[in-house]
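In our numbering, the protein residues as written are 2 to 125.
Every residue, glycine too, gets a C-beta built ideally from N, C-alpha and C.
The model shown is predicted, which means the values in this text are computed figures rather than measured ones.
The next block holds one structure in the form of structure tokens; read it before the comments.
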């Protein structure tokens, strides 16, 4: 058990370092949690990009989701923007999954195959 002096000397709050990462308790500018999350996510992929159409939880509106792209977060944002511009529609990037509004499976498949990705159409 730690001594009373050690228990009372624990830092509770400080503005000296600025924002602090909640996971590693390091200052945000020296935190490497995002990079580690990207490398872990990329390592868990099998190299196949899967494209599917989903409607669940969207009040019947369909979106095309693209999963399994082996890119870091910044490159995924860039690819997401390119796909949205190519399809002429909106979308989002959530947790490594690119969502494009509407059913654009074939358009996205041909676009990604031109970028040398192995693409499969998944789901219904």
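Reduced DSSP secondary structure (H/G/I, E/B, other) of residue 68: strand
Starting from residue 121, trace the alpha helix (DSSP H) in both directions and tell me its first and last residue. From DSSP, residue 121 is part of no alpha helix (DSSP H) but of the beta strand (DSSP E) over 119-122.
Rounded straight-line distance, which links the Cα of residue 6 to that of residue 75: 45 Å
Can you name, in chain order, every residue of its own chain whose Cβ lies under 8 Å from the Cβ of residue 103, other than the five neighbours on each side? 63, 64, 65, 88 and 90
In its own chain, which residues sit with a C-beta less than 6 Å from the C-beta of residue 108, not counting the 5 before and 5 after it? 88
Secondary structure of residue 26, DSSP reduced to three states: coil
Mind reading off the beta-carbon distance from residue 48 to residue 71? Whole number of angstroms is fine, and I expect it under 8 Å. 7 Å
Strand pairing of residue 102, partner residues [DSSP]: 64
So, is residue 57 buried or exposed, given that buried needs 16 or more other C-beta atoms within 10 angstroms? exposed
Whole angstroms is fine: what's the gap from residue 95's alpha carbon to residue 115's? 24 Å
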